[in-house]
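S.K.:
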Amino acid sequence: MNATLERKEIDDTAFARLEKEGRLLNPLLKAPTNKFGRVGFRGELALRFAPKLADEARPPELLCGQAMAIANVGEQHLPFFAGYLLSFEHLKDVAEVLGDTLSAGGKYFLFCNNIDLSKKYQVPYKGAMFYVLPIDESTVYNELLDLFYLEKNDLKKKDTAGKLDAVADAALKFDITFDTITYAEGLELMGPVRNPNENRPV
């Protein structure tokens, strides 16, 4: 019974199309949160699918990792989305995949591995404003806690949904501005793309 309820709630949110397209992968959470009328997602967002061979489903060619997002029942836009990208250039893929779920008033954070560690930007794209930030061997969750001045210990007792609620609520109030650059300028400024497998134990 619960699964049916959750399915209906997701179907009535901005997640519906993404779910139908099979883009909400490896979820730590894909369910109603502790806030009434809110559905949360933590996992990976598939940006580009590999061609299918016969009936074999292959892993996506491109992902936005460590994704966190909320959607409200009955609303067509995502108020909050955050995720990790190996390269700034994939902001375009995120914006195109999220498409009609983006809004001018939404809070969207992308942590990119190949932007200068001392810089933070705002990048308008597809009618939405993206906060583009560096990531220094940390996680999107930890980076957001730092950005929003949230105490990790205060959130420790909360469940996954509660932690997402706390981060999302802080994101919705976030109003600090950074230098605004265009997507094209970002492509000029970005550094080389790091091989994610280097320096990893085999």
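For the sequence shown, position 201 matches number 184 in this note's numbering, and the numbering has no gaps at all. The beta carbon of each residue, even a glycine, is placed where N, CA and C say it ideally should be. All values derive from a computational prediction rather than experimental measurement.
(1) Output needed for M157: all residues of its chain with C-beta closer than 7 Å, excluding positions within five of it in sequence on either side, in chain order.
(2) Round the Cβ separation of V123 and M51 to the nearest angstrom and send it over; I've been treating them as touching at under 8 Å.
(3) Is it buried or exposed, K6, if we count other Cβ atoms within 10 angstroms and call 16 or more buried?
(4) How close, in whole Å, do the beta carbons of N9 and A144 come, if the pair is a contact with beta carbons under 8 Å?
(5) Tell me which same chain residues have a C-beta within less than 7 Å of the C-beta of E120, skipping the five on either side of it?
(6) Buried or exposed, going by whether 16 or more other CB atoms sit within 10 Å of the CB of D148?
(7) Are Q59 and A111 closer than 8 Å when you measure CB to CB?
(8) Within 10 angstroms of the Cβ of F92, are there 16 or more other Cβ atoms? Answer buried if so, exposed if not.
(9) Out of E2, I164 and D(-5), which one is the CA nearest neighbour of V80?
(10) Assign G88 to one of two classes, buried (16 or more other C-beta atoms within 10 Å of its C-beta) or exposed (fewer than that).
(11) Using DSSP with H/G/I as helix, E/B as strand and the rest coil, what is E171?
(12) Under a Cβ-count criterion, where at least 16 other Cβ atoms within 10 Å of its own Cβ denotes burial, should L30 be classed as buried or exposed?
(13) Would you list the residues sitting across from F113 in a DSSP beta bridge?
(14) Among I164, L45 and L138, which residue has its Cα nearest to the Cα of D152?
(15) Near P15, which residues of its chain fall below 6 Å by C-beta distance, leaving aside the five closest residues on each side in sequence?
(16) The beta strand (DSSP E) spanning V22 covers which residue range?
(17) Please classify Y132: does DSSP put it in a helix, a strand, or coil?
M.R.: Answer, in terms of the structure:
(1) As a working note, residue 157 is residue 174 in the sequence shown. For clarity, residue 157 is Phe in the given sequence; the question names Met instead. Only residues of its own chain outside the window of five on either side were considered, and among them K90 and F131 have a CB closer than 7 Å to the CB of F157, listed in chain order.
(2) The residue you call residue 123 lines up with position 140 of the sequence shown. The residue you call residue 51 lines up with position 68 of the sequence shown. About 7 Å separates the CB atoms of V123 and M51; that is less than 8 Å, so the two are in contact.
(3) Working through the sequence shown from its first residue, we reach residue 6 at position 23. Note that residue 6 is Arg in the sequence shown here, rather than Lys. Per the 10 Å Cβ criterion, buried.
(4) Locating residue 9 in the sequence shown gives position 26, counting from the first residue. Locating residue 144 in the sequence shown gives position 161, counting from the first residue. Contact flag wrong, Cβ pair sits at about 17 Å.
(5) Here residue 120 refers to the residue found at position 137 when the sequence shown is read from its first residue. Contacts found: none.
(6) To locate residue 148, count along the sequence shown from 1; it is residue 165. Buried: at least 16 other Cβ atoms inside 10 Å.
(7) The sequence position of residue 59 within the sequence shown is 76, counting from 1. The sequence position of residue 111 within the sequence shown is 128, counting from 1. Using a Cβ distance threshold of 8 Å, Q59 and A111 do not count as a contacting pair.
(8) By 1-based counting over the sequence shown, the position of residue 92 is 109. Residue environment: F92 is assigned as buried (16 or more neighbouring CB atoms within 10 Å of its CB, all protein chains considered).
(9) Position 97 of the sequence shown, counted from the first residue, corresponds to residue 80. With distances taken between Cα atoms, V80 lies closest to E2.
(10) Taking the first residue of the sequence shown as 1, we reach residue 88 at position 105. By the Cβ neighbour-count rule, G88 is exposed, with fewer than 16 other Cβ atoms within 10 Å of its own.
(11) Taking the first residue of the sequence shown as 1, we reach residue 171 at position 188. DSSP places E171 in helix when its eight states are reduced to three.
(12) The residue given as residue 30 occupies position 47 in the sequence shown. Under this definition L30 is a buried residue.
(13) Sequence index remark: in the sequence shown, residue 113 carries index 130 (1-based). As DSSP reads the structure, F113 sits in a beta bridge with Y91 and V106.
(14) Translated into the one-based positions of the sequence shown, residue 152 becomes position 169. For the residues I164, L45 and L138, the minimum Cα distance to D152 belongs to L138.
(15) By one-based count along the sequence shown, residue 15 stands at place 32. The residues are E(-8) and V22.
(16) As a working note, residue 22 is residue 39 in the sequence shown. Unbroken beta strand (DSSP E) run through V22: R21 to R31.
(17) Here residue 132 refers to the residue found at position 149 of the sequence shown. In this structure, Y132 counts as coil in the three-state DSSP scheme.
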